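In the working numbering, the protein residues as written are 3 to 314.
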C-alpha cells in the first residue's frame with residue numbers, strides 16, 4: 003500500500019474555501035495567517051467572503067489554492083499523524099506543483115505564497131487581455147488535438163496543447179483566433195464537446211515566455227531543498243531531481259505542457275495505489291479515476307473529511 007498526495011490547480015477555487023478548517027483548527031489558521039503576511043494582504047478574507055470575481059483573478063487564485071491545501075495538510079499532520087515523508091510520491095496540477103513542493107518541505111510556506119503571487123502577476127501580464135485563450139476539448143486524444151491544431155491557419159498565431167488531463171480531456175492554449183479555430187476543427191477529429199475556458203491568459207503556452215523569465219529570476223533567489231518525498235513533475239511526468247532540477251522544471255512548466263495523464267500513470271506504475279487529493283474540490287480525483295482505474299482515491303479539504311481519511 004503506497005500513498006501519493008496530489009494538489010489541485012486553478013479552476014478548483016470557490017468562495018468559502020478553507021473557512022471551516024480555520025474555524026476548527028489552530029494549525030489551519032496559522033497557515034492562512036502566514037500566507038496573508040507573505041502576500042501582504044488579507045487573502046484569507048477574500049477566500050472566505052469573496053467577491054468571486056476577485057478570488058478568480060490569477061494573482062489571487064494561485065496562492066489561495068495553495069494556502070487551502072497546506073492548511074489541510076497541517077491539520078492531517080496534527081490530527082491524523084500524517085508524515086508526508088512516508089508518501090511514495092507527491093504531485094500537483096500546474097500551480098499545485100508548488101503546493102506539492104511546499105508540502106514536501108522543499109520550499110517554505112512564505113516563499114511558496116510569494117512565488118505564486120508573482121507567478122500569477124507574471125502570467126497575467128505576459129499577454130494583453132483578450133489576445134489569448136484556452137479551450138477544453140472533450141472526447142479527443144492527443145493525436146486528434148494535434149491534427150486539429152495542424153489544420154488551422156498558423157498565421158492566426160500560436161496554439162499548443164497545454165494540458166493532457168486524462169484520456170479524452172485535452173486543453174489547448176494560445177492566440178484567441180487560433181484557439182477558436184482549433185475548437186471548430188477538433189469536432190472533425192473526435193471531440194464530442196469543445197469550449198473556450200473562462201481564464202484570463204493562455205497558460206502553459208509559448209506566449210507565457212515573459213512570465214517564465216520572471217519566474218527564473220525569482221526562483222534563482224529562492225531557497226529550495228530536496229523534497230522529503232519524490233516529486234513527479236508536470237513537464238516530464240517523471241521524478242524530479244535535486245533543487246536545481248526543480249528550479250529548471252518550474253520555469254519550464256510556465257510555458258510547457260502539464261502531462262497529468264502520464265504523471266498519474268507513472269505514479270501508478272511505480273507503486274502508488276492510493277491517491278489523496280488535498281485541498282479544494284475533487285477535480286484531480288475525477289481525472290485520476292480515468293487514468294489509474296484500480297487505485298483507491300479520496301479528496302480531503304474540510305473538517306468533515308477527517309473521518310473518511312482515517313478509514314481510508
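Don't be surprised by glycine CBs; every beta carbon is placed ideally from N, CA and C. Every value quoted in this text rests on a predicted model; they were computed, and no experiment measured them.
Candidates the options, of which the one nearest residue i by Cα
{"i": "residue 307", "options": "212, 97, 269 and 82", "result": "82"}
{"i": "residue 235", "options": "86, 87 and 97", "result": "97"}
{"i": "residue 30", "options": "69, 14 and 273", "result": "69"}
{"i": "residue 158", "options": "182, 169 and 145", "result": "182"}
{"i": "residue 88", "options": "107, 191 and 100", "result": "107"}
{"i": "residue 303", "options": "279, 314, 289 and 287", "result": "279"}
{"i": "residue 147", "options": "113, 123, 112 and 185", "result": "185"}
{"i": "residue 13", "options": "245, 310 and 136", "result": "136"}
{"i": "residue 239", "options": "226, 51, 228 and 255", "result": "255"}
{"i": "residue 111", "options": "95, 59, 75 and 130", "result": "75"}
{"i": "residue 145", "options": "265, 193 and 245", "result": "193"}
{"i": "residue 28", "options": "77, 41, 309 and 95", "result": "77"}
{"i": "residue 228", "options": "104, 55, 267 and 23", "result": "104"}
{"i": "residue 125", "options": "109, 66, 59 and 294", "result": "59"}
{"i": "residue 204", "options": "129, 38 and 285", "result": "129"}
{"i": "residue 65", "options": "9, 292, 226 and 84", "result": "9"}
{"i": "residue 51", "options": "152, 26 and 19", "result": "19"}
{"i": "residue 67", "options": "49, 293 and 311", "result": "49"}
{"i": "residue 6", "options": "93, 54 and 123", "result": "93"}
{"i": "residue 211", "options": "253, 243, 232 and 191", "result": "253"}
Alpha-carbon spacing of residue i relative to residue j, whole angstroms
{"i": "residue 237", "j": "residue 251", "result": "7 Å"}
{"i": "residue 199", "j": "residue 305", "result": "31 Å"}
{"i": "residue 271", "j": "residue 43", "result": "42 Å"}
{"i": "residue 1", "j": "residue 202", "result": "Residue 1 lies beyond the stretch modelled for the chain, which goes from 3 to 314, so this question has no answer here."}
{"i": "residue 47", "j": "residue 35", "result": "10 Å"}
{"i": "residue 313", "j": "residue 189", "result": "44 Å"}
{"i": "residue 61", "j": "residue 241", "result": "28 Å"}
{"i": "residue 269", "j": "residue 91", "result": "7 Å"}
{"i": "residue 300", "j": "residue 179", "result": "39 Å"}
{"i": "residue 80", "j": "residue 197", "result": "42 Å"}
{"i": "residue 21", "j": "residue 11", "result": "19 Å"}
{"i": "residue 156", "j": "residue 217", "result": "28 Å"}
{"i": "residue 221", "j": "residue 214", "result": "10 Å"}
{"i": "residue 120", "j": "residue 219", "result": "11 Å"}
{"i": "residue 289", "j": "residue 296", "result": "13 Å"}
{"i": "residue 154", "j": "residue 187", "result": "7 Å"}
{"i": "residue 17", "j": "residue 63", "result": "11 Å"}
{"i": "residue 99", "j": "residue 113", "result": "14 Å"}
{"i": "residue 26", "j": "residue 152", "result": "52 Å"}
Segment limits, beta strand (DSSP E) that includes residue i
{"i": "residue 166", "result": "161–168"}
{"i": "residue 158", "result": "Per DSSP, residue 158 belongs to no beta strand (DSSP E) and is neither H nor E."}
{"i": "residue 3", "result": "Counting along the chain, residue 3 falls outside any beta strand (DSSP E), and DSSP gives it neither H nor E."}
{"i": "residue 47", "result": "Not the beta strand (DSSP E): residue 47 falls in the alpha helix (DSSP H), residues 45–51."}
{"i": "residue 135", "result": "134–140"}
Residue i and residue j closer than 9 Å at C-beta
{"i": "residue 170", "j": "residue 132", "result": "no"}
{"i": "residue 33", "j": "residue 86", "result": "no"}
{"i": "residue 260", "j": "residue 166", "result": "yes"}
{"i": "residue 160", "j": "residue 138", "result": "no"}
{"i": "residue 57", "j": "residue 15", "result": "yes"}
{"i": "residue 1", "j": "residue 206", "result": "Because the chain spans 3 through 314 in this model, residue 1 falls outside it and cannot be assessed."}
{"i": "residue 4", "j": "residue 273", "result": "yes"}
{"i": "residue 209", "j": "residue 257", "result": "yes"}
{"i": "residue 277", "j": "residue 266", "result": "yes"}
{"i": "residue 224", "j": "residue 117", "result": "yes"}
{"i": "residue 102", "j": "residue 40", "result": "no"}
{"i": "residue 249", "j": "residue 168", "result": "no"}
{"i": "residue 275", "j": "residue 298", "result": "yes"}
Delimiting residues of the alpha helix (DSSP H) encompassing residue i
{"i": "residue 291", "result": "285–293"}
{"i": "residue 37", "result": "28–41"}
{"i": "residue 57", "result": "54–57"}
{"i": "residue 116", "result": "111–128"}
{"i": "residue 94", "result": "Careful: residue 94 lies outside any alpha helix (DSSP H), inside the beta strand (DSSP E) at 91–94."}
{"i": "residue 68", "result": "60–82"}
{"i": "residue 98", "result": "98–105"}
{"i": "residue 187", "result": "178–188"}
{"i": "residue 146", "result": "144–153"}
{"i": "residue 308", "result": "307–313"}
Distance cut-off 8 Å: residue i Cβ against heavy atoms of the ligand MG
{"i": "residue 250", "result": "Inclusion of the ligand MG in the displayed structure is not the case, the ligand content being empty and no account of it being possible."}
*Where are the beta strand (DSSP E) runs, 3 residues long or more, that stay fully inside the stretch 217–282, in chain order?*
276–280
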